[in-house]
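Here's the structure, in structure tokens; my notes come after.
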Amino acid sequence: MIRSPLRPLLRIIKARESGINPDFIESQEKIKRLIKKINIEKDRAGQRILLLMCVFILSFALIGIKMFVLASHDPLYLTKSSRINFLDNRRNKITDRNGIVLATNIKTFSLYVHPHELIDKTKTAIALATLFPSLSVASLKKKFHDGRKFLWIKKQLSPEEREQVKNLGEPGIYFGPREVRLYPNGRFASHVLGGTTFGREGVSSAELIGQAGVELSYNNYLLNYENKALVLSIDLSVQAIIEKVLAGGITIMNARGGSAILMDVHNGQLLSLASLPDFDPNDRPDLPLQGDPSLSPLFNRAAQGVYELGSTFKIFTAAQVIEEGIVNEDTLVNIRGPLFFGKYKIRDHHYLGEELSVENVMVKSSNIGTARLAAMVGGTRQKEFLSRFGLLDLTGIELPEASRAKPQSPKRWSQLSTATVSYGHGISVSPLHIAVAYSSIVNGGKRVFPTLIKNSEKNQKPKQIISNETSIKLQNILRSVVKNGTAKNAELDDYSIGGKTGTADKVNFEKPGYLKDKVITTFVAAFPMEQPRYVLVVTLDEPEDWSIDKPMRTAGWTAVPVASEIIKRIAPVLGVKPNRIITKNIVHGASTKGTN
Amino acid sequence: MRYSVYSILLFVLAFSAVWAYRINYDTREVISQIQVIRAKISFEEEKLSMLEGEWAYLNRPQRLGALTEKFFNYLELMPISAANYAKVDAIAIKSGTEFEPPTALTILNKSNIGDGDLR
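Sequence order for the protein chains is A and B. Going by this note's numbering, the first sequence opens with residue 25, and the numbers climb by one from there. Going by this note's numbering, the second sequence opens with residue 27, and the numbers climb by one from there.
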């Protein structure tokens, strides 16, 4: 910077000439310099203040943003983040309606190896192959030497196996904690529970995910540690009795399999859902790659399989004609036959006479009578009526497998279809559909939806689909079927049962038509008939009763006795009051013997 | 006056700084305690889950059925049936000596069966 002189010569000379003190000029110059300096300093200070202001604004803004972020967080954020370390790997337990554990987790260990840390690789390979015969020495040796740094040996170890591996004393062998799902009751309710498999796997943990059944449909619920145990509507004691009796029935009746469903008619809760053959969910078999999948033990005959269930459908025809006021239960129906639809003939199992009342058409299970009743309402109304009971849609049960059980009904609802559907042919539904529909028949006409969850909110405001009066008339008809009709074998002294049998020829999948001598028999029972509380559906696949000299295949001989035995055993457990109650004095001492 | 207000404010500032400092460290202490407690809870829950599983396994219907058959001579347990229902009036009121219900130990002692048989 060029500084101006303090005593500029020109001004000094001029000042001297005019007699002014030249020092005054010098002072003026000094003042000028000072003012300039002050201005420069002012500018600098202004810049500093601006800078400082920016820094302050920025830092306050940062603090403000941080405060806003903290304030807008859920207050549980901190606790959640500290909790996740311990509990992220939990899967909630599943219990039955009385709190008995059906599925829980236990801790086991997985086994893995860091091959580069092993001292004697060959010795370790031999030792491990000796402990676990499924491993081969050669393949282990190869894997130990191929340069990898990590190798899974076994995904699950029992405590004994872990101890044995530990005793090898080899460094480089590690155990990772691993939760596994335990189904303490083994095969019981296996189709309801389904099973689990390992999802994402790590050294320190592995995710358990549902594979089928409620384990799959409630996977997210079970994985959320904030939820409590999943309480099913299943009653384990009842389920155990039903599975035992059903298994016995299948053996005696030489059947290929069978299913049983017990449903509460008022809230749609399933107390038992059994399908045999079954499997052990602790060791779930693989899906069959070939053959008929419906023969696999994994196949749920109760909720997944759709079958023509035969005469059990007749009650819906009766329900419709009574509900619509076309006939009443005493109206006589012409049952002379056979009925002809083109070349198709409808006849009864055997000659039943010339006319029967509507009630007796059900009691004697007349196909001709039912077809004539159906003709009175026609196909369109019949279809609408069946759909009211949910017989044309999925049941909505909480089982992923059941989403495949879409009822199969005629594409074109002809007159012939109307006639055959009226007695359960040409329409395939699952046994669960029938249980749901019969619940509405006997519960006063309310539509219920089936559920496997105890506190389900599905049926809080049930819709009235038929009148209570019709329901009462139908209950009387069902009672008569057991008292005087095809289900006589179900009559018990202690409990009044009502129901309807169904025997349907099996569909031939190789060529059009039905298989000879191969049937599916069904018995749908409701009890106690004084005020129905439960519906039981028993289905047997290809049963043959050889207790007399010729094979008996009708439901009355096969499914009915099994259902009757089931009711005899479960009704006391369910607290259903028997018809006969001991009123005489019980001898003291006899009461000390307990019951199980 | 001015100085006394300043000194009070200074004191308040110092006090709140100390208070905030203490609260901060107390909170950290509590969080670490919570973590320890959570770890304990987790451990106990694991044990509980194991015991529940074991209990359910030991009480599985199959095993209870087998045990009932095995100890039938002593227990005489029968499946509950309609005949087990009685009116309250039909039950004779007990008098005299009190009946002592059998315990697992008395059953074991009387039946000469080892613990292993119950597995």
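Quick reminder that beta carbons are idealized off the backbone N, C-alpha and C, glycines included.
In angstroms, rounded to a whole number, what distance separates the CA positions of residue i and residue j?
i, j, result
"A:Val-445", "A:Pro-317", "27 angstroms"
"A:Asn-358", "A:Val-385", "10 angstroms"
"B:Ser-68", "A:Tyr-249", "12 angstroms"
"B:Pro-105", "A:Ala-595", "12 angstroms"
"A:Arg-412", "A:Leu-286", "21 angstroms"
"A:Thr-154", "A:Leu-164", "12 angstroms"
"B:Val-44", "B:Tyr-51", "11 angstroms"
"A:Ala-398", "A:Val-382", "12 angstroms"
"A:Glu-554", "A:Gln-293", "20 angstroms"
"A:Gly-580", "A:Asn-244", "44 angstroms"
"B:Ala-65", "B:Ser-58", "11 angstroms"
"A:Trp-176", "A:Ile-150", "16 angstroms"
"B:Arg-48", "A:Val-93", "24 angstroms"
"A:Lys-530", "A:Lys-485", "38 angstroms"
"A:Lys-535", "A:Gly-450", "15 angstroms"
"A:Ile-17", "A:Ser-299", "This structure gives no information on residue 17 of chain A, because the portion of chain A shown stretches from 25 to 620."
"A:Ala-279", "A:Pro-474", "27 angstroms"
"B:Glu-95", "A:Gly-210", "20 angstroms"
"A:Lys-56", "A:Glu-50", "10 angstroms"
"A:Ile-266", "A:Ile-590", "6 angstroms"
"A:Ala-395", "A:Lys-507", "24 angstroms"
At a CB-CB cut-off below 9 angstroms, which residues of chain B make contact with residue i?
i, result
"A:Phe-212", "Arg-86, Pro-87 and Gln-88"
"A:Arg-593", "Pro-105, Ile-106 and Ser-107"
"A:Ile-605", "Ala-108, Tyr-111, Ala-112, Lys-113 and Ala-116"
Need the endpoints of the beta strand (DSSP E) that residue i sits in, please.
i, result
"A:Val-562", "558 to 565"
"A:Leu-203", "The sequence given here places Glu at residue 203 of chain A; Leu does not occur at that position. From DSSP, the beta strand (DSSP E) with A:Glu-203 extends over 197 to 206."
"A:Lys-435", "Counting along the chain, A:Lys-435 falls outside any beta strand (DSSP E), and DSSP gives it neither H nor E."
"A:Glu-177", "Residue identity differs from the one stated: residue 177 of chain A is Ile in this sequence, not Glu. Residues 175 to 181."
"B:Val-114", "No beta strand (DSSP E) holds B:Val-114; DSSP gives it neither H nor E."
"B:Thr-129", "Here B:Thr-129 belongs to no beta strand (DSSP E), and DSSP marks it neither H nor E."
"A:Lys-464", "Before going on, a small fix: residue 464 of chain A reads as Ser here, not Lys. Counting along the chain, A:Ser-464 falls outside any beta strand (DSSP E), though it belongs to the alpha helix (DSSP H) covering 455 to 466."
"A:Phe-365", "363 to 365"
"A:Val-531", "522 to 531"
"A:Leu-240", "Unbroken run through A:Leu-240 is the alpha helix (DSSP H), 237 to 241; no beta strand (DSSP E)."
Grouping DSSP H, G and I as helix and E and B as strand, with all else coil, what is residue i?
i, result
"A:Gln-621", "Beyond the ends of chain A as shown, which are 25 and 620, falls residue 621 of chain A; an answer cannot be given."
"A:Asp-5", "Outside the shown range of chain A, which is 25 to 620, sits residue 5 of chain A, and nothing can be said about it."
"A:Leu-76", "helix"
"A:Glu-481", "coil"
"A:Arg-471", "strand"
"A:Arg-224", "strand"
"A:Gly-272", "helix"
"A:Val-289", "coil"
"A:Ile-55", "helix"
"A:Ile-370", "strand"
"A:Val-351", "coil"
"A:Ala-398", "helix"
"B:Thr-35", "It should be pointed out that residue 35 of chain B corresponds to Leu in this sequence rather than to Thr. Three-state DSSP puts B:Leu-35 in a helix."
"A:Ile-124", "coil"
"A:Ile-606", "strand"
"A:Asn-282", "Going by the sequence as given, residue 282 of chain A is Gly instead of Asn. Here A:Gly-282 sits in strand by DSSP."
"A:Ile-489", "coil"
"A:Asp-67", "helix"
"A:Ala-549", "strand"
"A:Ile-346", "helix"
"B:Phe-98", "helix"
"B:Ile-156", "Residue 156 of chain B lies beyond the residue range present for chain B, which begins at 27 and ends at 145; the question has no answer from this structure."
"A:Phe-339", "The question names Phe, but residue 339 of chain A in the sequence shown is Ile. DSSP places A:Ile-339 in helix when its eight states are reduced to three."
"A:Ile-36", "helix"
Hey, does residue i have any beta-carbon neighbour from chain E nearer than 7 angstroms?
i, result
"A:Ala-264", "This model lacks chain E altogether; the protein chains it does include are A and B."
The alpha helix (DSSP H) spanning residue i covers which residue range?
i, result
"A:Thr-148", "145 to 155"
"A:Leu-498", "492 to 508"
"A:Glu-589", "583 to 597"
If the cut is a Cβ gap below 8 angstroms, which residues of chain B does residue i touch?
i, result
"A:Lys-601", "Tyr-111"
"A:Leu-260", "Pro-87"
"A:Val-597", "Ile-106"
Name the chain B residues that come within less than 7 angstroms of residue i, Cβ to Cβ?
i, result
"A:Leu-206", "Gly-79"
Would you mind telling me which residues of chain A sit closer than 7 angstroms to residue i, beta carbon to beta carbon, in chain order?
i, result
"B:Tyr-51", "Under the 7 angstroms cutoff, chain A gives no residues; its nearest Cβ is about 16 angstroms from B:Tyr-51."
"B:Glu-72", "Lys-131"
"B:Tyr-83", "Pro-208"
Members of the region 505 to 525 of chain A that neighbour chain B once the beta carbon cut-off is set at 9 angstroms
Leu-516, Asp-517, Asp-518 and Tyr-519
Positions along the region 121 to 148 of chain A whose CB lies within less than 7 angstroms of some CB in chain B:
Ile-124, Val-125, Thr-128, Asn-129, Ile-130 and Lys-131
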